[in-house]
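Undergrad: In the order they appear, the protein sequences are chains A and B.
Quick note: the first sequence uses my numbering, first residue 1282, plus one each step.
Quick note: the second sequence uses my numbering, first residue 2, plus one each step.
Even glycine gets a Cβ: it sits at the ideal position worked out from N, Cα and C.
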Amino acid sequence: DAGVIQSPRHEVTEMGQEVTLRCKPISGHNSLFWYRQTMMRGLELLIYFNNNVPIDDSGMPEDRFSAKMPNASFSTLKIQPSEPRDSAVYFCASSWGAGNTIYFGEGSWLTVV
Amino acid sequence: GQQVMQIPQYQHVQEGEDFTTYCNSSTTLSNIQWYKQRPGGHPVFLIQLVKSGEVKKQKRLTFQFGEAKKNSSLHITATQTTDVGTYFCAGRGSGAGSYQLTFGKGTKLSVIP
């Protein structure tokens, strides 16, 4: 079975540019999460979708960040404009039910210079 | 909000020594999960504990859930170089509407051959 698929795996971009990260959750899962991981702050939940509806976006750092889930098999996380402090690994994850086992994608490694 | 603290942050052990990481929640949990993240990889689910006082084993790994369901531990017997990585606990709250897992910051294990 395919796991959670994320793209791009690595991205280096200049400050001020728009960054779009993509995610395909595991088929049949109804919960989707976007996490950010840094050395300083660890794993932070940015946003949680249930049945394609954003339930909790309290972890989204600021208005520069936005996330969408137009259908059950696709989600995007957009940063516009990007800043160096956004450099991190961004993980998409999915599960059947929010508190159940979470399956992580391999992550998108973002570097903003 | 719910907080999950994990200690130690780092642990260096000689191969063959034992290792333990501890997880403490500020609130009572309905369940706790453990994940392992290899260097450069993504978190992978290890196990879930649900019952008060529950103990589960996976080969050399022993997981415990406290009687009060506010703390947990992971113990590795006779560490091997394959155990290298960061171990995260993630707790789910027990209150009404609790839907998400809160991750600890992880314990990074280094094994010296």
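Does DSSP classify T28(B) as helix, strand or coil?
TA: Reduced to three states, the DSSP call for T28(B) is coil.
Undergrad: Using 9 Å as the threshold, is the C-beta distance between G1386(A) and I1286(A) below it?
TA: Cβ atoms of G1386(A) and I1286(A): closer than 9 Å.
Undergrad: With DSSP as the reference, please indicate the residues paired to L1326(A) in a beta bridge.
TA: Its beta-bridge partners are Y1316(A).
Undergrad: Count the CB pairs spanning the stretch 1345 to 1365 of chain A and the stretch 2 to 14 of chain B that are closer than 8 Å, and state whether there are at least three.
TA: The stretch 1345 to 1365 of chain A, when compared against the stretch 2 to 14 of chain B, does not touch it at the 8 Å Cβ threshold.
Undergrad: For Y1384(A), which residues in the same chain have their Cβ closer than 7 Å to its Cβ, ignoring the five residues on either side in sequence?
TA: Taken in chain order, the residues that qualify are G1284, V1285, I1307, A1374, S1375 and S1376.
Undergrad: Looking at the C-beta of F1(B), does it have a partner C-beta in chain A at a distance below 9 Å?
TA: Limits of chain B in this structure are 2 at one end and 114 at the other, which puts residue 1(B) out of reach.
Undergrad: Around the C-beta of R93(B), are 16 or more other C-beta atoms found within 10 angstroms, so that it is buried, or is it exposed?
TA: When all chains shown are included, R93(B) counts as buried.
Undergrad: Along the beta strand (DSSP E) that carries V1300(A), what are the first and last residues, could you check?
TA: Counting along the chain, the beta strand (DSSP E) containing V1300(A) begins and ends at V1300 to K1305.
Undergrad: Rounding to the nearest angstrom, what Cα-Cα distance links K57(B) and T63(B) in this structure?
TA: Looking at the two C-alpha atoms, the distance is approximately 6 Å.
Undergrad: Which residues does DSSP pair with P1335(A) in a beta bridge?
TA: Looking at the DSSP assignment, P1335(A) forms a beta bridge with F1330(A).
Undergrad: Name the DSSP beta bridge partners of Q65(B), please?
TA: Answer is V56(B) and S74(B).
Undergrad: List the DSSP bridge partners of I8(B).
TA: Answer is Y23(B).
Undergrad: Measure the beta-carbon distance from G54(B) to E68(B) and round it to whole angstroms, keeping in mind my assumption that it falls under 8 Å.
TA: That pair is a contact at about 5 Å.
Undergrad: Helix, strand or coil for T80(B) per DSSP?
TA: It is coil, neither helix nor strand.
Undergrad: Could you spell out where the beta strand (DSSP E) holding W1377(A) opens and where it closes?
TA: First-last for W1377(A): undefined, no H or E at that position.
Undergrad: How would you write the range of the beta strand (DSSP E) that V1293(A) sits in, first residue to last?
TA: Start and end: H1291 to T1294.
Undergrad: Using a Cβ-Cβ cut-off of less than 9 Å, list which residues of the stretch 18 to 38 of chain B approach chain A; keep chain order.
TA: If the cut-off is 9 Å between Cβ atoms, the stretch 18 to 38 of chain B has S31, N32, Q34, Y36 and Q38 near chain A.
Undergrad: Starting from the beta carbon of L62(B), find every residue of chain A whose beta carbon is closer than 9 Å, and list them in chain order.
TA: Under the 9 Å cutoff, chain A gives no residues; its nearest Cβ is about 17 Å from L62(B).
Undergrad: Who does A1348(A) pair with in a DSSP beta bridge?
TA: Answer is L1358(A), bridged to A1348(A).
Undergrad: Return the chain-ordered list of same chain residues with a C-beta closer than 6 Å to the C-beta of W1390(A), the five sequence neighbours on each side being excluded.
TA: Closer than 6 Å at Cβ, skipping near neighbours: H1291 and V1370.
Undergrad: Tell me whether K52(B) is buried or exposed, calling it buried when 16 or more other Cβ atoms sit within 10 Å of its Cβ.
TA: The residue is exposed, with fewer than 16 neighbouring Cβ atoms inside 10 Å.
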